[in-house]
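Encoded as structure tokens, the structure appears first; notes follow it.
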Amino acid sequence: MMIGSVKKMFLFCFFALLIAGTGKAQNTNVNPAAVNVEALSDAQIEKLISEMEKNGMSLEEAMALARARGASQVQIDQMVKKINEYKSGKRNGKIEKTEEKEDLIVNPEADLSEKEVFEATPKNKEVFGFHFFNSKNLSFEPAVDVPVSESYSLGIGDEVNISVYGASQQNYQLMVEKSGAILIPDVGPVPVYGIAFREAKEKIKQRLLSIYNGMGGDRPNTFVSISLGSLKGVKVNVIGEVNLPGSYSLPATASAFTALYLAGGPNENGSFRNIDVIRDGKTIQSIDVYAYLIDGKTQNNIQLRDQDVILVRPYAKRVKVGGELKRTGLFEAQENESVADLLRFAGGFTDKAYTHRLELYRNNTRTLTFKGVAAAQYDQVQLLNGDSLVAGMLTERFENRVSIDGAVYRPGNYELTEGLKLSELIKEAEGLKEEAFMERGVITRKMEDMSLKAISFSVREVVKGAIDFDLQREDRVQISSIFDMREARTVEIVGEVQFAGTYAWAENLRIGDLIFQAGGFKEEAEVAGLEVSRVLDYKETSELTKSLLHTFQFSLDRNLKLDPKGEAFLLKPFDKVYVRRAPGYRPQGVANIQGEVKYAGDFGITRKDEKISDIIRRAGGITPEAYTKGASLRRRIELSEAEYQAKVAIAAQDTTMTEEEIEKVVYQIVGIDLTTILSSPGGVEDLQVKAGDQILVPSKLETVMVSGSVLSPVAHTFTQKRKLKDYVNGSGGFAERAKKGKVYVLYANGTTQATRSGLFGRRFPKVEPGCEIIVPEKPEVDKAGQASKWLAIASTFATLITAIAVATR
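Now the structure itself:
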């Protein structure tokens, strides 16, 4: 009772101190939940620590008393933090020397370990079970938001919450101390370390009966609820043949599989079937991972405690499995396990496996031995380290299959029943199609040595019942269609119809019928000149003659009506019908005229001999502003397929041009003299207009452009009196490398004129409005190279002269 009084006095002083920290010391009935712990000063914290040490209380005991008085968990956490900060000398940057007491400082829970990435060896990945501990979808992370199992073993640092209700009311939030017990106020320590939670609850209830009499008897009026709060994590060591050995911080509810997952599972030499959990120097459990992988059993996956050791030993027996089994790779076998056990581990045979026998390859330390294991021996043959089992595939061999193909309603495979005949097979295939070729069928039969034998029969006789055949395994019956026995019979129509092409031939097919199928005539068709070509018949081709085809001409109107002779003409297979184009038909051609004409735009070409003057006349003539000397013509040139392919072939051998640069349609400038054309319509200069022509009549031009090798390329105003050289001088004159003798003029209509040399000097071209004077440039000369060339020539001549002198001496 004396201890209880001291603790109560401390509790009173503790909350009085808290209240003083908030400026309310004169009122000791303040609700503790309203106290601001963050406002406490360092002096108040120091006083609290001094009182606790004076009364011999640990921090856990003091916080438990505060919680029982009504302090919230947030206040408790804040107080623990302040005390720890004060003790570590870090409060407000101060370094204070205090005598630390191990039980006073509560270390924050260490961060839980996370799985590290590692590079497994190819052999490790081949081991059955590797992906079990290295899957993103299977981490074995224990749940933290579900009730703890009744079998959970309590550990140091775990929190136990006790709630007494009924006639008496009290709440305790206690921690399992290093002594292995929880300290219940007025009751004393209760050992709970290492026992199951269900046992710990019974112990705690029995001890609480000593101060709460209402819990006992037949009619209790006081009750208790015991639960677990925050659980302290555990640290375990994973050693041996694992991919990532080391120490791992885990949740308190973690299992052995959790630690093995973080360690990456056993490595290529590690055992999945002999994993020991060692506690306090003793092996408390041996784990066989196959029990979980194969049967889903988790009994051996025990809960870990702090400082547990998981030891993965090397494997003792490993067997390689391949072939037609559902799981393949490296499997581990224990003593007395047989081939049947390994087949169960591998998931059994696939649907294509030969299940009556397995191939066993065994290492006898010097060489390999082979053993065939029959199905009856699967549970008898024991496995050795290094064994290799292979399951073969079924042979593509049918014991009772026949097939029928061709002109029957249900072609395919059929079961060979005892005494099955050919006529019965045809009936099972729902009989012959109407187009079946009745004169011959063939049975292809596999002989004993797997060679093939052909047996021919008359389909007609079999159907009548005159003959029949017994069928054998893997017989293949072929009954053809009459259409399979001859070339496809077609007719062709080409020329001026809507849908020219090849069509199926039919009996009694006439010319009008074929044209109807082809969509009728086009507008440009000449219906009065149809022609049909026909190949020679069998009799004609049996003799050598000069004849190749027969031709027939017919006349037809656009309503597809023929004369009696044409109507009676029937088309035969492979006939070809030609529909010509009308001789006077031409597709509409359009010429375009732009610029200084009265009505610019497109004009249809009405006659073959229509000329430029005709188009300008139809366009209303030229306007007063028109500059006829500058008129130009752009003509559309479309290459034929032969011309295009010829240019492509040239481009393939010419490095200066590529196939992409070749265009099928181009426009060329045609130089015209519109002034002469308008003054003399129909003359030599008055060209015929072609479809796609573009005529441009510009307005009066008043400038002359000078470009090329001059000092200042610029446009000048045109005047009648100025010559070409005047315009060049107006642009600063010729540059140093100008080719004066090659100056040329590009006129507005697209024509050019070059400088000519005469007896009295150069004669430059005439300058007209809108033209461009172009001065070419000389190529740059390599003077050093020229000097070297002349020196080489001089040296050669000197050597030659010396040789001649010596020879004539």
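With our numbering applied, the sequence shown has no gaps in its numbers, which climb one by one up to 823 at the end. Think of the CB as a built atom: it goes at the ideal place given N, C-alpha and C, for glycine as much as any other residue.
Selection from the options that minimises the alpha carbon distance to residue i
i, options, result
"Gln58", "Tyr186, Lys96, Ala76 and Glu74", "Lys96"
"Val131", "Ala277, Thr364, Ser713 and Glu65", "Ala277"
"Glu826", "Arg474, Asn235, Val593 and Thr733", "Here the chain has residues from 15 to 823 only, and residue 826 is not among them."
"Val508", "Phe363, Ile529 and Ala520", "Ile529"
"Val476", "Asp707, Gly445, Asp498 and Ser127", "Gly445"
"Gly433", "Leu485, Leu397 and Glu453", "Leu485"
"Glu133", "Glu282, Ala266 and Val204", "Glu282"
"Ser296", "Leu274, Val323, Asn314 and Ile308", "The amino acid at residue 296 is misidentified as Ser; the sequence shows Lys. If we check each option's Cα against that of Lys296, Val323 comes out closest."
"Leu403", "Thr409, Asp419 and Leu382", "Leu382"
"Ile253", "Tyr275, Asn98, Lys737 and Ala768", "Tyr275"
"Phe732", "Leu725, Val742, Val724 and Ser726", "Val742"
"Asp707", "Glu540, Gly615, Phe471 and Tyr392", "Gly615"
"Lys622", "Pro601, Tyr613, Val549 and Arg632", "Pro601"
"Tyr226", "Val206, Gln183, Glu255 and Asn257", "Gln183"
"Thr135", "Lys129, Glu128, Leu126 and His145", "His145"
"Leu152", "Glu557, Ala273 and Met499", "Ala273"
C-beta atoms of residue i and residue j nearer than 8 Å
i, j, result
"Phe483", "Ile469", "yes"
"Val422", "Lys460", "no"
"Leu79", "Pro199", "yes"
"Ala347", "Leu339", "no"
"Glu902", "Gln567", "This structure cannot speak to residue 902, because the chain is shown only from 15 to 823."
"Thr504", "Phe588", "yes"
"Glu782", "Ser713", "no"
"Asn763", "Ile686", "yes"
"Gly609", "Val711", "yes"
"Thr369", "Ala389", "yes"
"Tyr375", "Phe384", "yes"
"Ser437", "Gly479", "yes"
"Val141", "Gly343", "yes"
"Lys249", "Ala266", "no"
"Ile619", "Val703", "yes"
"Leu692", "Thr642", "yes"
"Val94", "Met77", "yes"
"Met285", "Ile316", "First, the amino acid is wrong: residue 285 is Ser here, not Met. Result no, Cβ atoms of Ser285 and Ile316 do not sit closer than 8 Å."
"Ile209", "Lys192", "no"
"Glu255", "Val326", "yes"
Exposed unless 16 or more other CB atoms sit within 10 angstroms - verdict on residue i
i, result
"Ala85", "buried"
"Asp232", "exposed"
"Tyr428", "buried"
"Ile807", "exposed"
"Asn573", "exposed"
"Gln89", "buried"
"Ser771", "exposed"
"Gln187", "buried"
"Ile481", "exposed"
"Ala819", "exposed"
"Lys215", "buried"
"Phe345", "buried"
"Val353", "buried"
Neighbourhood of residue i by C-beta distance below 8 Å, restricted to the same chain and skipping five residues each side
i, result
"Ala817", "none"
"Arg487", "Phe412, Glu413, Asn414, Arg415, Val416, Leu430 and Lys460"
"Tyr179", "Thr236, Phe237, Val238 and Ser239"
"Ala367", "Gly337, Glu338, Leu339, Ala405, Gly406, Met407 and Leu408"
"Met671", "Ile664 and Ala665"
"Asp571", "Val541"
Assumed close pair residue i, residue j - CB separation to whole angstroms, cut-off 8 Å
i, j, result
"Val190", "Leu168", "6 Å"
"Gly243", "Asn175", "5 Å"
"Ile496", "Val473", "Contact doesn't hold; Cβ gap of about 11 Å is too wide."
"Val611", "Ile626", "No, Val611 and Ile626 are not in contact; Cβ-Cβ is about 12 Å, not under 8 Å."
"Phe583", "Ile676", "No, Phe583 and Ile676 are not in contact; Cβ-Cβ is about 47 Å, not under 8 Å."
"Tyr306", "Thr312", "6 Å"
"Leu398", "Glu351", "11 Å between Cβ atoms; not a contact."
"Gly279", "Asn148", "6 Å"
"Phe359", "Ile308", "6 Å"
"Ser224", "Val201", "6 Å"
Interface flag, residue i vs chain C, CB-CB below 8 Å
i, result
"Pro578", "This model lacks chain C altogether, as it is built from one protein chain only."
Residues of its chain near residue i, where Cβ-Cβ distance is below 7 Å and the 5 sequence neighbours each way are ignored
i, result
"Gly722", "Ile788, Val789, Pro790 and Glu791"
Sequence-distant residues of the same chain with beta carbon closer than 6 Å to residue i, five excluded per side
i, result
"Tyr166", "Phe211"
"Phe778", "Leu738 and Thr769"
"Ala812", "none"
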